[in-house]
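Here is the structure we will look at, set down as C-alpha cells.
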Amino acid sequence: VMVSLFIIVLLVWYVFWLHARIVDVAVSLFGAFYTGLLMSAAMLIRMSVPDYWGGVLILGIFASVWGNDAFAYLIGSKFGKRKMTPQVSPKKTWEGFFAGLVFSMAFWCLFPLIPGVEMNIVQSLVFGAICGVLGVIGDLVESRIKRNAGFKDSGTIMPGHGGLLDRCDSQFLVTLGASMLLIFGNCIPFTFISTGVLF
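Using the numbering used here, the letters of the sequence shown correspond one by one to residues 310 to 508.
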C-alpha cells in the first residue's frame, strides 16, 4: 500500500514539477520497489507461520545473513587471496565467500527446529546455499549502485558502517528468495491470514 501511494505521489510530482527528469522518476521507482516490495516478503513469511514463530523465522533468516557477512569478512580478511569482484567490491574474496556460504548452510539446518517449519536436511542445505549466494549478490548490487552514483556510502545515519542501506543490502534479496523457497518448497503454510501476533 505504501509503495503504491509513493508511486502515485511520484507521478503527480513528475507531471506538475517541470524541472523533474524521467531519470529522477526511474531512480525513485527503482528505490521504492527495491526497498519496499522485496522486504514485504518478510511480512509474508511472518504471516504464514503460526503464532510468534513467524517472527522467530524472520530473525533466523536475518541472522543467517549477518553470520554470512561476518564469516566472509573474518575469513576473507585473514586468508583471502583471490579477489571476487575487484571492480565492484575490492575487499570481497572467494575464500570469504565460501566461508560465509558454509555458515549459511549450517545455520539453515536449525530452521526445522522452529514449530511450523517443515524442512528436511537436504532442503536446509540447498536453501542455505542459495540464500548465501543471494546475500552476496545483494551486497554487490548495493556496491554497484553506489559506484554508479559516485558515492562511497549510502547515507550518514550509521557513521562507520556505510549507511543504512549498507546494513540491509544483503537482506533484500535473501528475504525475497527465502520466501519463495519456503513457500514453493512447502516448508511453511502459505496464507495471508494474520495470527494476530505482531512481529
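Where is the CB? At the ideal position from N, CA and C, for every residue including glycine.
Is the beta carbon of residue j closer than 8 Å to that of residue i?
| i | j | result |
| --- | --- | --- |
| residue 486 | residue 439 | yes |
| residue 381 | residue 408 | yes |
| residue 494 | residue 396 | no |
| residue 326 | residue 424 | no |
Going by other Cβ atoms of all chains shown within 10 Å of its Cβ, with 16 needed for buried, is residue i buried or exposed?
| i | result |
| --- | --- |
| residue 355 | buried |
| residue 481 | buried |
| residue 478 | buried |
Determine the extent of the alpha helix (DSSP H) in which residue i is found, giving its start and end residues.
| i | result |
| --- | --- |
| residue 356 | 347-357 |
| residue 387 | 362-388 |
| residue 331 | 331-341 |
In terms of residue numbering, what span does the beta strand (DSSP E) encompassing residue i cover?
| i | result |
| --- | --- |
| residue 414 | That residue, residue 414, is in no beta strand (DSSP E); its alpha helix (DSSP H) goes 403-417. |
So which of the options has the shortest CA-CA distance to residue i?
| i | options | result |
| --- | --- | --- |
| residue 421 | 411, 378, 365 | 365 |
| residue 445 | 434, 394, 321, 324 | 394 |
| residue 428 | 496, 359, 324 | 496 |
| residue 442 | 419, 456, 411 | 411 |
| residue 573 | 418, 398, 345 | Summary: the structure shown does not reach residue 573, with the chain confined to residues 310 through 508, and so no result is reported for it. |
| residue 369 | 358, 323, 417, 386 | 417 |
*Is the region 360-375 touching the region 383-391 in the sense that three or more CB pairs, one from each, lie closer than 8 Å?*
With the cut-off at 8 Å, the region 383-391 and the region 360-375 do not touch.
*Between the region 311-320 and the region 334-349, do three or more beta carbon pairs fall short of 8 Å?*
Output reads yes: the region 334-349 touches the region 311-320.
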